[in-house]
Amino acid sequence: MTIPVAATNPHADQPAKALEYLKTLEASTDFVLSSKAKISIWTMPPPADMEGNMPITKGQGLITKEGLTLTQILDSLRNAQSRYKWDPRYEGLEVVEAYDNEKNHCLILSLQKGQWPIISGRDFLISTKMIVESETKGYIVQNSVVDSRKGEQKGRVRGHIHVAGWIVEKTEEGFMVTYISHVNPQNLPAALLNLIATETPACCGTFIQHLEKNGPSPADQ
(Lines of atoms letter the chains of each structure in order from A and count residues from 1; the text may use other names and numbers.)
(Lines give C-alpha, C1' and ligand atoms only; values in the text may rest on other atoms or scores of the structure.)
Protein backbone atom coordinates (compact mmCIF):
# COMPACT_ATOMS: atom_id res chain seq x y z
CA MET A 1 0.00 0.00 0.00
CA THR A 2 1.35 3.40 -0.99
CA ILE A 3 2.00 5.78 1.90
CA PRO A 4 -0.23 8.88 1.56
CA VAL A 5 1.49 12.27 1.62
CA ALA A 6 -0.31 14.75 3.88
CA ALA A 7 -1.04 18.30 2.74
CA THR A 8 0.06 19.70 6.12
CA ASN A 9 2.49 18.56 8.78
CA PRO A 10 1.18 18.84 12.35
CA HIS A 11 4.38 17.27 13.69
CA ALA A 12 6.93 19.37 11.81
CA ASP A 13 8.81 20.42 14.95
CA GLN A 14 9.25 16.91 16.34
CA PRO A 15 12.31 15.63 14.41
CA ALA A 16 14.47 18.57 15.51
CA LYS A 17 13.49 17.96 19.15
CA ALA A 18 14.21 14.25 18.86
CA LEU A 19 17.54 14.83 17.14
CA GLU A 20 18.66 17.30 19.78
CA TYR A 21 17.96 14.83 22.59
CA LEU A 22 19.49 11.94 20.63
CA LYS A 23 22.70 13.89 20.10
CA THR A 24 22.81 14.69 23.81
CA LEU A 25 22.63 10.97 24.59
CA GLU A 26 25.09 10.17 21.80
CA ALA A 27 27.67 12.43 23.45
CA SER A 28 26.93 11.31 27.02
CA THR A 29 29.69 9.74 29.10
CA ASP A 30 27.21 8.46 31.70
CA PHE A 31 26.47 5.16 29.97
CA VAL A 32 27.81 2.07 31.76
CA LEU A 33 29.07 -0.80 29.62
CA SER A 34 27.12 -3.96 30.46
CA SER A 35 28.14 -6.31 27.65
CA LYS A 36 30.86 -6.37 25.04
CA ALA A 37 31.04 -9.07 22.40
CA LYS A 38 30.32 -8.46 18.73
CA ILE A 39 27.78 -5.95 19.96
CA SER A 40 28.50 -3.54 22.78
CA ILE A 41 25.59 -2.68 25.09
CA TRP A 42 25.42 0.19 27.57
CA THR A 43 22.75 1.39 29.99
CA MET A 44 22.15 4.47 32.12
CA PRO A 45 19.36 5.43 34.55
CA PRO A 46 16.63 7.70 33.16
CA PRO A 47 16.56 11.31 34.39
CA ALA A 48 14.52 11.79 37.55
CA ASP A 49 12.41 14.50 35.91
CA MET A 50 11.25 12.26 33.03
CA GLU A 51 8.54 9.61 33.41
CA GLY A 52 9.41 5.93 33.45
CA ASN A 53 11.88 3.63 35.16
CA MET A 54 13.25 1.72 32.18
CA PRO A 55 16.98 2.34 31.68
CA ILE A 56 18.19 4.31 28.68
CA THR A 57 19.96 1.77 26.48
CA LYS A 58 22.58 1.90 23.75
CA GLY A 59 23.68 -0.86 21.40
CA GLN A 60 26.55 -0.54 18.94
CA GLY A 61 28.10 -2.75 16.29
CA LEU A 62 30.05 -2.63 13.05
CA ILE A 63 28.87 -3.53 9.54
CA THR A 64 31.86 -4.94 7.67
CA LYS A 65 30.05 -6.17 4.55
CA GLU A 66 31.50 -4.36 1.54
CA GLY A 67 29.52 -2.57 -1.14
CA LEU A 68 26.84 -1.02 1.07
CA THR A 69 26.01 2.68 1.11
CA LEU A 70 24.84 4.91 3.94
CA THR A 71 21.43 5.34 2.30
CA GLN A 72 20.97 1.60 1.81
CA ILE A 73 21.56 0.96 5.51
CA LEU A 74 19.19 3.73 6.61
CA ASP A 75 16.54 2.53 4.15
CA SER A 76 16.86 -1.03 5.45
CA LEU A 77 16.06 0.22 8.93
CA ARG A 78 12.84 1.71 7.52
CA ASN A 79 11.55 -1.52 5.94
CA ALA A 80 8.62 -2.77 8.01
CA GLN A 81 8.56 -6.34 6.71
CA SER A 82 12.24 -7.11 7.22
CA ARG A 83 12.03 -5.86 10.80
CA TYR A 84 10.12 -9.02 11.75
CA LYS A 85 13.39 -10.88 11.08
CA TRP A 86 15.58 -8.90 13.47
CA ASP A 87 13.40 -7.31 16.20
CA PRO A 88 11.94 -9.93 18.60
CA ARG A 89 9.48 -7.49 20.23
CA TYR A 90 8.12 -6.09 16.96
CA GLU A 91 4.50 -6.95 16.15
CA GLY A 92 3.85 -4.69 13.18
CA LEU A 93 3.30 -1.08 12.23
CA GLU A 94 1.08 1.19 10.20
CA VAL A 95 2.56 4.11 8.32
CA VAL A 96 -0.26 6.62 8.78
CA GLU A 97 1.07 9.32 6.47
CA ALA A 98 4.22 10.97 5.14
CA TYR A 99 5.12 14.64 5.29
CA ASP A 100 7.36 14.90 2.24
CA ASN A 101 7.41 13.32 -1.19
CA GLU A 102 10.56 11.35 -0.36
CA LYS A 103 8.73 9.78 2.63
CA ASN A 104 11.62 10.68 4.94
CA HIS A 105 9.32 12.07 7.67
CA CYS A 106 6.34 9.90 8.57
CA LEU A 107 3.75 9.31 11.27
CA ILE A 108 3.69 5.65 12.28
CA LEU A 109 1.74 3.47 14.69
CA SER A 110 4.11 0.81 16.02
CA LEU A 111 2.99 -2.33 17.86
CA GLN A 112 5.14 -4.19 20.39
CA LYS A 113 4.54 -7.59 21.96
CA GLY A 114 3.40 -8.10 25.53
CA GLN A 115 3.26 -11.45 27.38
CA TRP A 116 -0.11 -13.00 26.59
CA PRO A 117 -2.40 -13.45 28.43
CA ILE A 118 -1.02 -11.56 31.44
CA ILE A 119 0.56 -8.42 29.99
CA SER A 120 -0.98 -6.40 27.17
CA GLY A 121 1.05 -5.41 24.15
CA ARG A 122 2.12 -1.81 23.76
CA ASP A 123 1.48 0.66 20.96
CA PHE A 124 3.40 3.82 20.17
CA LEU A 125 2.36 6.71 17.93
CA ILE A 126 5.60 8.04 16.54
CA SER A 127 7.09 10.80 14.45
CA THR A 128 10.00 9.22 12.56
CA LYS A 129 12.43 10.91 10.20
CA MET A 130 15.57 9.96 8.30
CA ILE A 131 18.15 12.74 8.46
CA VAL A 132 21.31 12.46 6.35
CA GLU A 133 23.71 14.83 8.06
CA SER A 134 26.69 14.31 5.74
CA GLU A 135 28.07 11.88 3.17
CA THR A 136 29.30 9.70 6.02
CA LYS A 137 26.68 10.01 8.77
CA GLY A 138 22.92 9.72 9.06
CA TYR A 139 20.20 9.39 11.68
CA ILE A 140 16.74 7.94 12.03
CA VAL A 141 15.04 9.79 14.89
CA GLN A 142 11.76 8.86 16.55
CA ASN A 143 9.66 10.24 19.39
CA SER A 144 6.07 9.95 20.56
CA VAL A 145 3.41 12.39 19.43
CA VAL A 146 -0.28 12.93 20.13
CA ASP A 147 -2.72 12.80 17.24
CA SER A 148 -6.48 12.52 17.74
CA ARG A 149 -6.84 10.27 14.69
CA LYS A 150 -4.82 7.47 16.28
CA GLY A 151 -5.67 6.82 19.90
CA GLU A 152 -4.64 3.89 22.06
CA GLN A 153 -5.43 0.62 20.28
CA LYS A 154 -7.94 -1.84 21.71
CA GLY A 155 -6.34 -4.34 24.06
CA ARG A 156 -3.07 -2.40 24.22
CA VAL A 157 -1.38 0.18 26.42
CA ARG A 158 -0.01 3.36 24.85
CA GLY A 159 3.70 3.69 25.63
CA HIS A 160 5.85 6.79 25.31
CA ILE A 161 9.11 7.19 23.41
CA HIS A 162 11.21 10.08 24.69
CA VAL A 163 13.59 9.26 21.86
CA ALA A 164 14.65 6.23 19.87
CA GLY A 165 17.29 6.70 17.26
CA TRP A 166 19.62 4.95 14.88
CA ILE A 167 22.99 6.48 14.09
CA VAL A 168 24.93 5.16 11.09
CA GLU A 169 28.43 6.46 10.48
CA LYS A 170 31.11 5.49 7.96
CA THR A 171 34.45 4.49 9.48
CA GLU A 172 37.68 3.04 8.10
CA GLU A 173 36.50 -0.46 9.07
CA GLY A 174 32.94 -0.21 7.72
CA PHE A 175 29.76 1.38 9.05
CA MET A 176 29.29 1.84 12.79
CA VAL A 177 25.64 1.38 13.76
CA THR A 178 24.35 2.69 17.10
CA TYR A 179 20.84 2.35 18.51
CA ILE A 180 19.86 4.52 21.49
CA SER A 181 16.46 4.18 23.17
CA HIS A 182 14.77 6.07 26.00
CA VAL A 183 11.27 4.63 26.31
CA ASN A 184 8.55 4.49 28.95
CA PRO A 185 6.49 1.35 28.16
CA GLN A 186 4.16 2.16 31.09
CA ASN A 187 3.78 -0.03 34.17
CA LEU A 188 5.56 -3.22 33.20
CA PRO A 189 6.69 -5.74 35.85
CA ALA A 190 10.40 -5.70 36.61
CA ALA A 191 11.13 -9.05 34.93
CA LEU A 192 9.70 -7.96 31.58
CA LEU A 193 11.24 -4.51 31.90
CA ASN A 194 14.67 -6.09 32.33
CA LEU A 195 14.09 -8.35 29.34
CA ILE A 196 13.13 -5.41 27.13
CA ALA A 197 16.12 -3.42 28.38
CA THR A 198 18.32 -6.27 27.15
CA GLU A 199 16.54 -7.06 23.88
CA THR A 200 16.18 -3.45 22.73
CA PRO A 201 19.88 -2.57 22.32
CA ALA A 202 20.63 -6.11 21.12
CA CYS A 203 18.48 -5.32 18.05
CA CYS A 204 21.53 -3.51 16.76
CA GLY A 205 23.31 -6.84 16.44
CA THR A 206 20.42 -8.79 14.93
CA PHE A 207 19.88 -6.00 12.39
CA ILE A 208 23.53 -6.13 11.35
CA GLN A 209 23.43 -9.93 11.04
CA HIS A 210 20.28 -9.78 8.92
CA LEU A 211 21.67 -7.06 6.66
CA GLU A 212 25.01 -8.77 6.10
CA LYS A 213 23.31 -12.10 5.33
CA ASN A 214 20.41 -10.90 3.18
CA GLY A 215 21.56 -7.56 1.77
CA PRO A 216 19.78 -4.20 1.94
CA SER A 217 16.02 -3.63 1.75
CA PRO A 218 14.19 -0.60 0.32
CA ALA A 219 12.45 1.86 2.61
CA ASP A 220 8.66 1.63 2.77
CA GLN A 221 7.05 3.77 0.08
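For the sequence shown, position 196 matches number 196 in the UniProt record's numbering, and the numbering has no gaps at all.
We put the beta carbon where it would ideally sit given N, CA and C, even for glycine.
Predicted model only: the values in this text are computed from it and were never measured.
Beta-bridge partners of residue i, as assigned by DSSP
| i | result |
| --- | --- |
| G165 | V141 and I180 |
| A98 | V5 and C106 |
| I56 | M44 |
| V32 | T43 |
| H160 | N184 |
| L93 | S110 |
| K129 | H105 and V141 |
| F175 | I63 and K170 |
Residue i in three-state terms, based on DSSP
| i | result |
| --- | --- |
| N124 | Note that residue 124 corresponds to Phe in the displayed sequence, not to Asn. In the structure shown, F124 sits in a strand (DSSP, three-state: E or B). |
| Q81 | helix |
| L188 | coil |
| Q115 | strand |
| residue 223 | Residue 223 lies beyond the residue range present for the chain, which begins at 1 and ends at 221; the question has no answer from this structure. |
| K23 | helix |
| P218 | coil |
| G151 | coil |
| K17 | helix |
| H210 | helix |
From the options, residue whose alpha carbon lies closest to that of residue i
| i | options | result |
| --- | --- | --- |
| H162 | E169, K154 and V146 | V146 |
| R122 | N187, H105, W166 and T178 | N187 |
| P201 | Y21, L33, V32 and T57 | T57 |
| S181 | I3, Y21 and N9 | Y21 |
| P46 | S35, S28 and A16 | S28 |
| L25 | Y179, K213, S35 and K103 | Y179 |
| I140 | D49, A16 and V157 | A16 |
| T8 | L107, R156, V157 and Q115 | L107 |
| K23 | E94, Q142, K170 and L195 | Q142 |
| S35 | A197, K213 and E212 | A197 |
| V157 | M54, T206, S110 and P218 | S110 |
CB contact flag (residue i, residue j, <7 Å)
| i | j | result |
| --- | --- | --- |
| H210 | S127 | no |
| R78 | Q112 | no |
| V168 | L68 | no |
| I63 | G174 | yes |
| I39 | C204 | yes |
| I41 | G61 | no |
| Q221 | K103 | yes |
| V5 | A98 | yes |
| K150 | L125 | yes |
| D30 | M50 | no |
Closer than 6 Å: residue i CB and nearest the ligand ZN heavy atom
| i | result |
| --- | --- |
| D49 | This structure does not include the ligand ZN; it has no bound ligands of any sort. |
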